[in-house]
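Note that full-length UniProt numbering numbers the sequence shown so that position 231 is 231, with each residue one more than the last.
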Amino acid sequence: MNELLDPLLLSRWQFGLTTIYHFLFVPITIGMATTVAIFQTAWVRTGQLRYLQITQFLGKLFLINFAMGVVTGIVQEFQFGMNWSDYSRFVGDVFGAPLAFEGLLAFFLEATFIGLWIFGWDKLSPKVHLITIWGVVVGTMLSAYFILAANAFMQNPVGYEFNAESGRAELTSIGEVLTNPVVLAAFPHTIFACFMVSAGLIITVAAWHLARNQHLDTMRPMLKTGLWMMVVSFALTFLSGDQLSIVMVETQPMKMAAAEAAFNTVTGRDASFSIFTLGTPDGSSELFSLRIPYLLSLLSTHSLDGTVEGINDLQAQYQAVYGPGDYTPIIWVTYWSFRWMIGLGAAHFLVAVAGLWLTRKGRMPTQKWVWKIAIWAFPLSLLAMSVGWTFTEMGRQPWLVFGLLRTEDGVSPNVTGLEVLISLVLFTLLYAALAVVEFVLIKKAAQKGPADAPAIDPERGTVPTAPTVY
């Protein structure tokens with residue numbers, strides 16, 4: 001019973017639940033903002049009303065998702081003070097700086113331009129109105145960057161000094177925090193993955209309508225755009241992920257070792273990457289493994305004869321530096337989350353490649369199962385991002401701030417397990433209700449399809465009515 005009411009365990013579950021749930025909305029917001037801006041640019045440049053219809057249609061989905069993301073994101077900041085007060089006290093001087101930039105600059109910019117975009121259709125000229133949606137894109141990108149910079153400090157603390165008297169990390173260089181090698185590598189990887197999620201949503205919605213042979217004039221270009229966006233975004237996600245792996249080896253070698261369950265240091269051909277393994281959950285022994293020689297060395301060092309340090313050697317090094325303790329993450333979580341991240345993303349990529357082939361030269365498949373695959377494939381890239389973040393955060397354990405603060409030392413000392421359990425149950429029920437609301441709203445808007453081509457003011461070129469979100 002005491003283990004079930006452990007404040008540390010329950011606080012970690014609660015933060016994990018709220019973070020993953022909130023993150024379901026983030027990639028769609030980032031990707032859809034850019035997609036809407038691209039289609040609106042196409043309308044302004046070509047004057048084709050079908051691009052305006054697509055812009056307003058996707059704009060509805062974007063606005064619904066953005067509103068829900070804001071609501072769920074507020075809870076995140078409160079948890080730092082409620083359940084993780086010792087962490088907030090220790091790192092608040094550093095962690096708060098990029099979050100302040102995110103709230104006061106990026107989110108303010110994002111919210112302002114969203115308001116101008118929503119209410120400016122009949123008041124601004126098309127070119128000026130186009131600037132507002134690109135302002136939203138800039139705001140979302142900045143917001144993502146500042147949040148990733150804050151998270152990067154937890155992965156690789158820089159730009160600080162430790163004050164022994166206060167027991168706190170104090171900011172010495174905001175420039176170093178914002179140019180942390182981890183954030184410079186993680187930002188493009190995250191953004192390109194967001195485009196994959198957005199592409200997946202576009203493919204699913206377009207496939208649903210095309211399977212019913214409706215809205216052909218708008219859904220055909222939507223489908224093509226989504227398919228190409230998925231293919232290009234996957235390629236860029238893969239390339240940026242390769243760069244992130246190099247940075248990860250330099251800053252957190254234990255995470256890469258855990259990702260491969262490599263207990264012993266290996267070099268060259270022996271530094272192989274296992275595609276699939278059957279064995280014990282912790283990876284300490286294996287019954288069967290499908291391996292690619294040299295690949296782990298190539299991923300970790302960009303060399304075929306590189307050396308990848310194993311968990312046992314790293315554990316001994318960490319004990320010598322940080323004192324007695326277990327410095328390994330949960331091996332089976334890091335091992336499988338790393339592979340599910342790659343596998344799910346690759347599966348969605350293959351669906352898109354197949355879609356491009358089946359729709360080449362204006363063809364449209366007649367088999368119902370083809371459309372069903374396209375429709376039901378949407379969760380693949382979204383799940384890939386979710387397990388990717390699970391790998392990122394769980395692979396850092398047992399550290400909250402790598403090398404500085406352990407997770408067990410960051411939890412609020414005066415919060416009881418029962419209090420956390422009650423809030424965990426309440427948040428779970430609340431988020432479940434919000435999930436139903438989100439799904440119903442998105443489904444209703446998506447199935448309704450784009451509205452008829454709006455009338456254009458012949459003198460000003462403006463659209464007399466704004467897109468509604470219901």
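Note that the Cβ used here is the ideal one computed from N, Cα and C, for glycine as well. As the structure is a computational prediction, the values presented were derived from the model and not from experiment.
With DSSP run on the structure shown, which of helix, strand or coil describes residue 37?
Sequence index remark: in the sequence shown, residue 37 carries index 37 (1-based). Of the three classes helix, strand and coil, the one that applies to residue 37 here is helix, per DSSP.
Considering only DSSP beta bridges, list what residue 291 is partnered with.
In the sequence shown, the residue the question calls residue 291 occupies position 291. 274, per the DSSP bridge assignment.
Residue 21 (DSSP reduced to helix, strand or coil)
Locating residue 21 in the sequence shown gives position 21, counting from the first residue. Helix.
Taking all protein chains shown into account, do 16 or more other C-beta atoms lie within 10 angstroms of the C-beta of residue 388, making it buried, or fewer, making it exposed?
Residue numbering aside, residue 388 sits at position 388 when the sequence shown is read from its first letter. Buried is the call here.
Taking 6 Å as the limit between beta carbons, can you name the residues of its chain near residue 87, skipping five residues before and five after?
Position 87 of the sequence shown holds residue 87. Same-chain partners within the cutoff: 400, 410.
How far does the alpha helix (DSSP H) with residue 110 in it reach, from first residue to last?
In the sequence shown, counting from the first residue as 1, residue 110 sits at position 110. Element bounds for residue 110: 108-119.
Beta-bridge partners of residue 401, as assigned by DSSP
In the sequence shown, counting from the first residue as 1, residue 401 sits at position 401. DSSP output for residue 401 lists 405 as bridge partner(s).
Checking the sheet assignment: what are the DSSP bridge partners for residue 267?
The residue given as residue 267 occupies position 267 in the sequence shown. In DSSP, residue 267 forms a bridge with 307.
Would you mind stating whether residue 265 and residue 307 have Cβ atoms separated by less than 9 Å?
Working through the sequence shown from its first residue, we reach residue 265 at position 265. Working through the sequence shown from its first residue, we reach residue 307 at position 307. Result yes, Cβ atoms of residue 265 and residue 307 sit closer than 9 Å.
Sub-9 Å separation of residue 380 and residue 222 beta-carbons
Indexing the sequence shown from 1 puts residue 380 at position 380. Indexing the sequence shown from 1 puts residue 222 at position 222. Against a cut-off of 9 Å, the Cβ pair of residue 222 and residue 380 comes out as no contact.
Quick check: the stretch 17-37 against the stretch 192-205, are there 3 or more CB pairs under 8 Å?
yes
Apart from the five residues just before and just after residue 161, which ones in its own chain have a Cβ nearer than 8 Å to its Cβ?
Mapped onto the sequence shown, residue 161 falls at position 161. Hits under 8 Å: 169, 170, 172.
DSSP state of residue 451 mapped onto helix, strand, coil
Here residue 451 corresponds to residue number 451 of the sequence shown, with the count starting at 1. It is coil, neither helix nor strand.
Assuming contact is defined by CB atoms lying nearer than 9 Å, are residue 84 and residue 166 in contact in what I supplied?
Position 84 of the sequence shown holds residue 84. Position 166 of the sequence shown holds residue 166. For residue 84 and residue 166, no; Cβs fall outside 9 Å.
The alpha helix (DSSP H) enclosing residue 360, as first and last residue numbers
As a first step, residue 360 is located in the sequence shown; it is residue number 360 there, counting from the start. Here residue 360 belongs to no alpha helix (DSSP H), and DSSP marks it neither H nor E.
DSSP puts residue 163 in a beta bridge; with which residues?
As a working note, residue 163 is residue 163 in the sequence shown. Residue 163 pairs with 168.
Quick check for students: name the residue ranges of the alpha helix (DSSP H) that lie wholly in the stretch 41-99, counting only runs of 4 or more.
49-82
Between the stretch 216-230 and the stretch 346-361, do three or more beta carbon pairs fall short of 8 Å?
yes
What's the C-alpha gap between residue 68 and residue 434?
For this step, residue 68 is matched to residue 68 along the sequence shown. For this step, residue 434 is matched to residue 434 along the sequence shown. The alpha-carbon atoms of residue 68 and residue 434 are separated by roughly 8 Å.
Identify, in the order they occur along the chain, each residue of the same chain with its Cβ nearer than 6 Å to the Cβ of residue 318, setting aside the five sequence neighbours on each side.
The sequence position of residue 318 within the sequence shown is 318, counting from 1. For residue 318, where only same-chain residues beyond five positions count, the Cβ hits under 6 Å are 327.
Taking 9 Å as the cut-off, decide whether the C-beta atoms of residue 14 and residue 130 are in contact.
Counting from 1 along the sequence shown, the entry for residue 14 is found at position 14. Counting from 1 along the sequence shown, the entry for residue 130 is found at position 130. Taking 9 Å as the Cβ cut-off, residue 14 and residue 130 do not qualify as a contacting pair.
Does DSSP classify residue 232 as helix, strand or coil?
Here residue 232 is taken as the residue at index 232 of the sequence shown, counted from 1. In the structure shown, residue 232 sits in a helix (DSSP, three-state: H, G or I).
Selection from 154, 5, 349, 212 that minimises the alpha carbon distance to residue 371
The sequence position of residue 371 within the sequence shown is 371, counting from 1. Taking only the C-alpha atoms, the option nearest residue 371 is 212.
For residue 321 and residue 303, what's the separation of their Cα atoms in angstroms?
Residue mapping note: residue 321 aligns to position 321 of the sequence shown, counting from 1. Residue mapping note: residue 303 aligns to position 303 of the sequence shown, counting from 1. Their Cα atoms are separated by approximately 28 Å.
Whole-angstrom C-beta distance between residue 98 and residue 44, which should lie under 8 Å
The residue labelled residue 44 in the question sits at position 44 within the sequence shown. The residue labelled residue 98 in the question sits at position 98 within the sequence shown. Between residue 98 and residue 44 the Cβ distance is about 34 Å, and since that is not below 8 Å, they are no contact.
Residues near residue 427 in its chain [Cβ-Cβ closer than 8 Å; skip 5 each side]:
Stepping through the sequence shown from its first residue, residue 427 is reached at position 427. Hits under 8 Å: 14, 17, 18, 75.
Mind checking whether residue 55 and residue 229 have CB atoms under 9 Å apart?
As a working note, residue 55 is residue 55 in the sequence shown. As a working note, residue 229 is residue 229 in the sequence shown. Result no, Cβ atoms of residue 55 and residue 229 do not sit closer than 9 Å.
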